[in-house]
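> In the working numbering, the protein residues as written are 156 to 318.
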């Protein structure tokens, strides 16, 4: 049996991530997080993994909610869930909350192993503003050396942090 405090902690992590997503301009993901916070029942392997998580579920620690969001998005991108694809952007304009929750909850059941595997790995995020702090240092080096600075970024962000 999953303890009530564990359920409350998990729901709080979803609500906190929803607030963060809204603030960062991701209203669709915020809405999904709200749905999970309000509707997720502790009956199924994925829900139990979330509610029983040993650690801090929040984005400032284990980022478990983001791991789940990444798994669901991967199901859409990989074409593994037509139900999710039908309710994810750009197909979400006439969104029916019941239909969205049905697609989400059925994906937890239909793609359990895929999602549980995704939960084991921290997500790669592309928060482009995180590199802004480097600019004063680059300008100082350029000023003192008189030499140009050339930056290259490869990998998952593919230049987003050079923005």
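From the three backbone atoms N, C-alpha and C, an ideal C-beta is built for every residue, glycine too. Note that the structure is predicted; figures quoted are calculated from it, not measured.
#1: Just the C-alpha distance for residue 195 and residue 245, rounded to the nearest angstrom, thanks.
#2: Helix or strand or just coil, what does DSSP make of residue 162?
#3: Going by the CB atoms, is the gap between residue 263 and residue 202 shorter than 8 Å?
#4: Kindly list the residues whose CB is nearer than 7 Å to the CB of residue 293, restricted to its own chain and excluding five residues on each side of it in sequence; keep chain order.
#5: If I measure Cβ to Cβ from residue 240 and keep anything under 6 Å in the same chain, skipping five residues before and after, which residues do I get?
#6: Could you check where the alpha helix (DSSP H) with residue 240 kicks off and where it finishes?
#7: To the nearest angstrom, how far is the alpha carbon of residue 207 from that of residue 192?
#8: By a C-beta neighbour count over all protein chains shown, 10 Å radius and 16 as the cutoff for buried, is residue 302 buried or exposed?
#9: Provide the residue span of the alpha helix (DSSP H) that contains residue 193, from first to last.
#10: Note down the Cα distance separating residue 222 from residue 289, rounded to an integer number of angstroms.
#11: Compare the C-alpha of residue 209 against each of 265, 165 and 298 and name the closest.
Quick look at the numbers:
#1: Here residue 195 refers to the residue found at position 40 when the chain shown is read from its first residue. Here residue 245 refers to the residue found at position 90 when the chain shown is read from its first residue. Cα-Cα distance, rounded: 24 Å.
#2: Here the question's residue 162 lines up with position 7 in the chain shown. Reduced to three states, the DSSP call for residue 162 is helix.
#3: Here residue 202 refers to the residue found at position 47 of the chain shown. Here residue 263 refers to the residue found at position 108 of the chain shown. Contact check for residue 202 against residue 263 passes: the beta carbons are separated by less than 8 Å.
#4: On the chain shown, position 138 is the one that residue 293 refers to. Take residue 293, set aside five residues on each side of it, and the residues of its chain with a beta-carbon closer than 7 Å to its own are 304, in chain order.
#5: Here residue 240 refers to the residue found at position 85 of the chain shown. Excluding residues up to 5 positions away in sequence, 231 lie with their Cβ nearer than 6 Å to the Cβ of residue 240 in the same chain.
#6: The residue you call residue 240 lines up with position 85 of the chain shown. Counting along the chain, the alpha helix (DSSP H) containing residue 240 begins and ends at 237-242.
#7: As a first step, residue 207 must be located in the chain shown, where it is residue number 52. As a first step, residue 192 must be located in the chain shown, where it is residue number 37. Spanning the two alpha carbons is a distance of roughly 15 Å.
#8: Translated into the one-based positions of the chain shown, residue 302 becomes position 147. Classification of residue 302: exposed, given that the 10 Å Cβ count is below 16.
#9: Sequence index remark: in the chain shown, residue 193 carries index 38 (1-based). Counting along the chain, the alpha helix (DSSP H) containing residue 193 begins and ends at 182-194.
#10: Here residue 222 refers to the residue found at position 67 of the chain shown. Here residue 289 refers to the residue found at position 134 of the chain shown. In this model, residue 222 and residue 289 are separated by some 28 Å (Cα to Cα).
#11: Counting from one through the chain shown, the residue named residue 209 turns up at place 54. Of the listed residues, the one whose Cα sits closest to residue 209 is 165.
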